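Sequential numbering of the sequence shown, starting at 2, is according to the numbering used here.
First up is the structure itself, then whatever we jot down about it.
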Amino acid sequence: MRKWLALWLGSLVLVAVVTSGLTVLAHQSGRAQVPTPRDGPAYPLTPPRIVSGADIGFKVEGLDIRGNPTGTWLLRLDGVWFEVSTMPTTRRVND
Numbered sequence: 002m003r004k005w006l007a008l009w010l011g012s013l014v015l016v017a018v019v020t021s022g023l024t025v026l027a028h029q030s031g032r033a034q035v036p037t038p039r040d041g042p043a044y045p046l047t048p049p050r051i052v053s054g055a056d057i058g059f060k061v062e063g064l065d066i067r068g069n070p071t072g073t074w075l076l077r078l079d080g081v082w083f084e085v086s087t088m089p090t091t092r093r094v095n096d
């Protein structure tokens with residue numbers, strides 16, 4: 002029984018030492034799997050594109066990490082596009 006316990010503890014220590022050694026090696030060599038910030042935009046800059054209906058639109062300014070479009074809501078008044086923002090409002094629950 003003691004022999005198996007000593008073998009188990011020894012293998013546990015060996016795995017811990019190897020894992021920590023590989024972690025230190027990865028950090029020193031600069032190959033750690035940690036995202037690093039990049040300079041400049043993530044995607045090439047192109048003129049903004051407006052996806053619109055009759056009087057409301059969405060100006061696509063880029064893509065997020067998952068590839069979903071990000072941008073600004075627009076409203077057309079007298080043929081001119083204006084940026085709008087959404088404001089959170091409160092309402093009663095029992096209405």
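Positions of the beta carbon are idealized from the N, C-alpha and C atoms, including for glycine.
The model shown is predicted, which means the values in this text are computed figures rather than measured ones.
- Following the DSSP letters along the chain, one finds Pro70 inside the beta strand (DSSP E) bounded by residues Pro70 to Leu78.
- As DSSP reads the structure, Ser53 sits in a beta bridge with Gly58.
- For Val94, there is no enclosing beta strand (DSSP E), as DSSP marks it with neither H nor E.
- Going by C-alpha positions, Ser86 is about 23 angstroms away from Arg67.
- Checking the DSSP bridge columns, you'll see Val81 partnered with Leu78.
- Pairing Phe59 with Val94, the inter-Cα distance amounts to about 31 angstroms.
- A residue is called buried when at least 16 other Cβ atoms come within 10 angstroms of its Cβ; Leu8 does not meet this threshold and is exposed.
- Between Gly11 and His28, the alpha-carbon positions lie close to 26 angstroms from each other.
- Non-local C-beta neighbours of Thr71 in its own chain, meaning closer than 7 angstroms and more than five positions away in sequence, comprise Glu62, Gly63, Leu64 and Asp65, ordered along the chain.
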